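When the sequence shown is numbered by my numbering, its final residue is 433 and no position is left out of the sequence of numbers.
Everything on this sheet refers to the single structure shown next.
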Amino acid sequence: MSTQESLQQELNSLRQAVKSLLGSLDDRLIGQRQTTRQILECLIAGGHALIEGAPGLGKTTLVRSLANGLDLDFQRIQFTPDLMPADIIGARILNFDERGAQGLTFEPGPIHTQVLLADEINRATPRTQSALLEAMGERQVTVFGETRQLERPFMVVATQNPIEMEGTFPLPEAQLDRFLVKLEIEMPEVKDLTTLFAQPTEHGTDSATPTMERAQVLRMQELAGQIPVGEDVAQRVARIVHATHPESSMAGEKTRALVRYGSSPRGGLAILAMARARTLMAGGLHVKMEEIDAVAVPCLRHRILLNYEGAAGDVPVEELIQEALQQAASR
103 MSTQESLQQE LNSLRQAVKS LLGSLDDRLI GQRQTTRQIL ECLIAGGHAL IEGAPGLGKT
163 TLVRSLANGL DLDFQRIQFT PDLMPADIIG ARILNFDERG AQGLTFEPGP IHTQVLLADE
223 INRATPRTQS ALLEAMGERQ VTVFGETRQL ERPFMVVATQ NPIEMEGTFP LPEAQLDRFL
283 VKLEIEMPEV KDLTTLFAQP TEHGTDSATP TMERAQVLRM QELAGQIPVG EDVAQRVARI
343 VHATHPESSM AGEKTRALVR YGSSPRGGLA ILAMARARTL MAGGLHVKME EIDAVAVPCL
403 RHRILLNYEG AAGDVPVEEL IQEALQQAAS R
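Written out as structure tokens, the structure reads:
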């Protein structure tokens, strides 16, 4: 068997495993098919996700089921105003050995896992939120001057409740930019709710039978990074990013009127990373324009800062991203 045939066989096996995983997740999270696929794409792309949605829409179930389905370690942190950085990354504690001698030992925090759910992250203080920055960007934490590498894969999924904003601390721009995507969970359709309500009541944890394993996830991350991007696709992404800036000649009318700052280059890199993961899951050999357009909204919606008129108005940022896509395609 040639190297090409062996690789194709491996790809087919991985895609079949992904198909089984998505089918299992769809059975557990009825009506959230798009969100389920996007968060898996984010994991394969090696990124972190910010999920916004009202209580009771299955955010915790989604993340826990994904970790279980991939046979990855899972930890959850409920963010509160009194949460401290040491509660996340760990701390040194005083211990006594068998002879009674005392010494300091490191007690790892919940961030030392593979899938971390940061529930209601905007309820913690900025100091505590910043404890995630190094871990999300560098895949490592520093405790008392000692650097500790985190496991791979490592993914942070943070949630926000858009309804109860009183007493919260909005995420700073630097931390928002660390998230590869921002996903929004919507209320399921009536037919999906009907299916959900007709099911027998289940008790216990959000368990799911593993259909993939850690080595397969790491392999898919490696393969996704190798998918080629043509110069025309890269140029389209560059135009999209430029079109989100009001001072750019590519910006549309609404962007010039309502946007204060557009996306950083990291937004373009996020689009390409998600597009590569989407291409791999779909069985493609190279990134197409369709993949770019499909992932632009979740990759850019948290990277565009509106001005006063934009924040006070009723134009959603998704509409501005669509305008940027149209402007980029017309050049």
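Don't be surprised by glycine CBs; every beta carbon is placed ideally from N, CA and C.
Small disclaimer: the values here were computed from a predicted structure and weren't measured.
1. Hey, how far is the Cα of ALA156 from the Cα of SER432?
2. Would you call THR307 buried or exposed, if buried means 16 or more other Cβ atoms sit within 10 Å of its Cβ?
3. Below 8 Å on the Cβ atoms is my guess for THR261 versus ASP221; work out the distance and round it to an integer in Å.
4. Once DSSP output is grouped into helix, strand and coil, what is the label at ASN224?
5. Is the beta carbon of ILE394 sitting closer than 8 Å to the one on SER365?
6. Tell me the residue span of the alpha helix (DSSP H) that contains GLY192.
7. Would MET376 and CYS144 be called neighbours here (beta carbons separated by less than 8 Å)?
8. Verify whether the separation of the beta carbon atoms of GLN424 and ILE146 is less than 8 Å.
9. Assign THR346 to one of three DSSP states: helix, strand, or coil.
10. How would you write the range of the alpha helix (DSSP H) that ALA276 sits in, first residue to last?
11. What residue from THR137, PHE176, ARG280 has the CA that sits closest to PRO255's CA?
12. Answer with buried or exposed for ALA413, where buried requires no fewer than 16 other C-beta atoms within 10 angstroms of its C-beta.
13. Out of GLU349, GLY369, GLY211, which has the shortest C-alpha to C-alpha gap to LEU360?
14. Tell me the DSSP bridge mates of ARG178?
15. Say whether the region 279-286 touches the region 397-405, bearing in mind that this needs 3 or more beta-carbon pairs closer than 8 Å, one atom from each stretch.
16. Determine the direct distance from the alpha carbon of PRO312 to that of HIS305, and round the result to whole angstroms.
17. Roughly how many whole angstroms lie between the Cα atoms of PRO272 and GLU112?
18. Quick check: what's the CA-CA separation for ARG229 versus PRO187?
19. So LEU234 and ARG178 are in contact, right, with Cβ under 8 Å, and what is the actual spacing, rounded?
20. For VAL259 and VAL319, which I take to be in contact (beta-carbon distance under 8 Å), what is that distance rounded to the nearest angstrom?
21. Return the CA-CA distance between GLU291 and THR297, expressed in angstroms with no decimal places.
22. Find the nearest neighbour of GLU288 within the set GLN136, THR162, THR207, judged by alpha-carbon distance.
23. Got a sec? Which residues, its chain only, sit under 6 Å from LEU123 by beta carbon, not counting five neighbours each side?
24. Taking GLY211 as the reference, which of LYS121, THR244, ILE223, GLY386 has the closest Cα?
25. Rounded to a whole number of angstroms, what is the C-alpha to C-alpha distance between ALA336 and ASN263?
26. My guess is that ARG139 and THR182 are in contact by the Cβ rule of under 8 Å, so how many angstroms apart are they, rounded?
27. In the DSSP assignment, the beta strand (DSSP E) including PHE208 goes from what residue to what residue?
28. Can you grab the Cα-Cα spacing for the pair ILE373 / ARG380, in whole Å?
29. Here's the rule: buried if 16 or more other CB atoms are within 10 angstroms of the residue's CB, otherwise exposed. What is ILE265?
30. Since MET352 sits in a beta bridge, which residues does DSSP pair it with?
31. Thinking C-alpha only, which one of LEU168, ARG362, ALA151 is nearest GLY125?
32. What did DSSP end up calling THR244 once you bin it into helix, strand or coil?
33. Where do the ends of the alpha helix (DSSP H) carrying ILE153 lie?
Let me lay it out:
1. Position 54 of the sequence shown, counting from 1, holds the residue named residue 156. Position 330 of the sequence shown, counting from 1, holds the residue named residue 432. Here the C-alpha atom of ALA156 lies approximately 37 Å from the C-alpha atom of SER432.
2. As a working note, residue 307 is residue 205 in the sequence shown. Note on THR307: pLDDT 49, under 50, position unreliable in the model; the coordinate value appears next. Exposed is the call here.
3. As a position in the sequence shown, residue 261 is number 159, starting the count at 1. As a position in the sequence shown, residue 221 is number 119, starting the count at 1. In this structure THR261 touches ASP221 by the C-beta definition: roughly 5 Å separates them, less than 8 Å.
4. If you number the sequence shown from 1, residue 224 lands on position 122. Look at ASN224 here: in three-state DSSP terms it is helix.
5. To locate residue 394, count along the sequence shown from 1; it is residue 292. To locate residue 365, count along the sequence shown from 1; it is residue 263. Contact annotation: ILE394 and SER365 have beta-carbon atoms that are not nearer than 8 Å.
6. Here residue 192 refers to the residue found at position 90 when the sequence shown is read from its first residue. Not the alpha helix (DSSP H): GLY192 falls in the beta strand (DSSP E), residues 192-198.
7. Your numbering for residue 376 matches position 274 in the sequence shown. Your numbering for residue 144 matches position 42 in the sequence shown. The answer is yes: Cβ separation under 8 Å.
8. Counting from one through the sequence shown, the residue named residue 424 turns up at place 322. Counting from one through the sequence shown, the residue named residue 146 turns up at place 44. Their beta carbons are not under 8 Å apart, which means GLN424 does not touch ILE146 by this criterion.
9. Reading the sequence shown from its first residue, position 244 is the one you call residue 346. In the displayed model, THR346 falls within coil according to three-state DSSP, outside both helix and strand.
10. Indexing the sequence shown from 1 puts residue 276 at position 174. That run of the alpha helix (DSSP H) goes 275-278.
11. Your numbering for residue 255 matches position 153 in the sequence shown. Nearest C-alpha to PRO255: PHE176.
12. Mapped onto the sequence shown, residue 413 falls at position 311. It is exposed - the Cβ of ALA413 has fewer than 16 other Cβ atoms within 10 Å.
13. Numbered from 1 along the sequence shown, position 258 holds the residue referred to as residue 360. Nearest to LEU360 by alpha-carbon distance, out of GLU349, GLY369, GLY211, is GLU349.
14. Counting from 1 along the sequence shown, the entry for residue 178 is found at position 76. Paired residues: LEU219.
15. Judged by Cβ distances under 8 Å, the region 279-286 makes contact with the region 397-405, as three or more pairs qualify.
16. Residue mapping note: residue 305 aligns to position 203 of the sequence shown, counting from 1. Residue mapping note: residue 312 aligns to position 210 of the sequence shown, counting from 1. Any answer about HIS305 is weak, because its pLDDT of 46 lies below 50 and its placement is not dependable; what the coordinates show is given next. Going by the C-alpha atoms only, they are around 19 Å apart.
17. Mapped onto the sequence shown, residue 272 falls at position 170. Mapped onto the sequence shown, residue 112 falls at position 10. So the two alpha carbons sit approximately 43 Å from each other.
18. Along the sequence shown, one-based indexing puts residue 229 at 127. Along the sequence shown, one-based indexing puts residue 187 at 85. Between ARG229 and PRO187, the alpha-carbon positions lie close to 7 Å from each other.
19. To locate residue 234, count along the sequence shown from 1; it is residue 132. To locate residue 178, count along the sequence shown from 1; it is residue 76. About 14 Å separates the two Cβ atoms, so there is no contact after all.
20. To locate residue 259, count along the sequence shown from 1; it is residue 157. To locate residue 319, count along the sequence shown from 1; it is residue 217. With 8 Å as the limit, VAL259 and VAL319 do not qualify as a contact, their Cβ atoms being about 15 Å apart.
21. Residue mapping note: residue 291 aligns to position 189 of the sequence shown, counting from 1. Residue mapping note: residue 297 aligns to position 195 of the sequence shown, counting from 1. Straight-line Cα distance between these residues: approximately 10 Å.
22. By 1-based counting over the sequence shown, the position of residue 288 is 186. Comparing Cα-Cα distances from GLU288 to each of GLN136, THR162, THR207, the minimum goes to GLN136.
23. Against the sequence shown, residue 123 aligns to sequence position 21. Here LEU123 has GLY171, THR313, MET314 as same chain residues with Cβ atoms under 6 Å from its own Cβ, once five neighbours each way along the sequence are excluded.
24. One-based indexing of the sequence shown puts residue 211 at position 109. Of the candidates LYS121, THR244, ILE223, GLY386, the one whose C-alpha sits nearest the C-alpha of GLY211 is THR244.
25. Residue 336 sits at position 234 when you count from the first residue of the sequence shown. Residue 263 sits at position 161 when you count from the first residue of the sequence shown. The alpha-carbon of ALA336 is positioned some 35 Å away from that of ASN263.
26. In the sequence shown, residue 139 corresponds to position 37, counting from 1. In the sequence shown, residue 182 corresponds to position 80, counting from 1. Contact between ARG139 and THR182 does not hold, since the beta-carbon distance rounds to 31 Å and is not under 8 Å.
27. Here residue 208 corresponds to residue number 106 of the sequence shown, with the count starting at 1. Run containing PHE208: 204-210, per the beta strand (DSSP E) assignment.
28. Position 271 of the sequence shown, counting from 1, holds the residue named residue 373. Position 278 of the sequence shown, counting from 1, holds the residue named residue 380. Cα atoms of ILE373 and ARG380: separation of roughly 10 Å, rounded to the nearest angstrom.
29. Counting from 1 along the sequence shown, the entry for residue 265 is found at position 163. Result: exposed.
30. Residue numbering aside, residue 352 sits at position 250 when the sequence shown is read from its first letter. Residue pairing by DSSP leaves MET352 without any beta bridge partner.
31. Your numbering for residue 125 matches position 23 in the sequence shown. When only C-alpha atoms are compared, the closest one is LEU168.
32. Within the sequence shown, residue 244 is the residue found at index 142, counting from 1. Correct three-state label for THR244: strand.
33. The sequence position of residue 153 within the sequence shown is 51, counting from 1. Unbroken run through ILE153 is the beta strand (DSSP E), 151-154; no alpha helix (DSSP H).
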